[in-house]
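Colleague: Handing you a structure now.
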Amino acid sequence: MKKLFFALLAVSSSALFTTNAQASTTGPKIDNLYPTSFYLRGGDGLYVEFQAGSMPGCSHGRGGRLEKSNFNYDQLYALMLTMMTTKSFSGRVIFNETSHNGWWKCSISGIEAFPQ
Numbered sequence: 221m222k223k224l225f226f227a228l229l230a231v232s233s234s235a236l237f238t239t240n241a242q243a244s245t246t247g248p249k250i251d252n253l254y255p256t257s258f259y260l261r262g263g264d265g266l267y268v269e270f271q272a273g274s275m276p277g278c279s280h281g282r283g284g285r286l287e288k289s290n291f292n293y294d295q296l297y298a299l300m301l302t303m304m305t306t307k308s309f310s311g312r313v314i315f316n317e318t319s320h321n322g323w324w325k326c327s328i329s330g331i332e333a334f335p336q
């Protein structure tokens, strides 16, 4: 039952979260993808880091901002918490480069997540 839930979550997350990210950059597939840290910034979102190399061209090659204005903010945040807790997903981070530097250089627009 648990694997079925994660399979449904992966299929729905992949389809749902990529529809808003057509012009976005897709990072490389990471076999064990999960957030390694979250940093809260006031009321405008989170800075999230994944494994090294998961977000090329972004902060440290692995991090970016999940903006509260993202239509799927709640779903992405819930998926990231699940990924961080279980550490049993492979996938890719979908992101856009912004005009900012540092932590806010990239904005996370979606995640392709598949249970292992």
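Using my numbering, you'd call the opening residue of the sequence shown number 221 and step up by one each time. Ideal Cβ placement from N, Cα and C applies to all residues, glycine included.
1. Excluding sequence positions up to five away, which residues of its chain have a Cβ less than 6 Å from the Cβ of Lys307?
2. Where does Thr318 sit, in a helix, a strand or coil, going by DSSP?
3. Nearest CA to the CA of Thr246: which residue from Ala272, Leu301, Gly263, Ser329?
4. Flag this pair as touching only if the stretch 289-304 and the stretch 313-321 have three or more C-beta atom pairs under 8 Å; answer yes or no.
5. Check this for me: beta carbons of Gly283 and Trp323, under 8 Å apart or not?
6. Is DSSP giving Leu260 helix, strand or coil here?
7. Determine the closest residue to His280 out of Glu269, Tyr259, Lys288, His320, with distance taken between C-alpha atoms.
8. Determine the DSSP secondary structure at Tyr254, reduced to helix, strand or coil.
9. For the beta strand (DSSP E) that contains Ala333, what are its first and last residues?
10. Do Arg285 and Ser327 have their C-beta atoms closer together than 8 Å?
Modeller: Answer, in terms of the structure:
1. In chain order, Tyr254 place their CB closer than 6 Å to the CB of Lys307, counting only its own chain and leaving out the 5 sequence neighbours on each side.
2. Residue state, collapsed to three classes: coil.
3. It is Ser329.
4. Because the criterion of three Cβ pairs below 8 Å is not met, the stretch 289-304 and the stretch 313-321 do not touch.
5. In this structure, Trp323 lies closer than 8 Å to Gly283 by Cβ.
6. In the structure shown, Leu260 adopts extended strand secondary structure according to DSSP, grouped into three states.
7. When only C-alpha atoms are compared, the closest one is Glu269.
8. If DSSP states are grouped into helix, strand and coil, Tyr254 belongs with coil.
9. Unbroken beta strand (DSSP E) run through Ala333: 326-335.
10. Yes; because the gap between Cβ atoms is below 8 Å, this pair is in contact.
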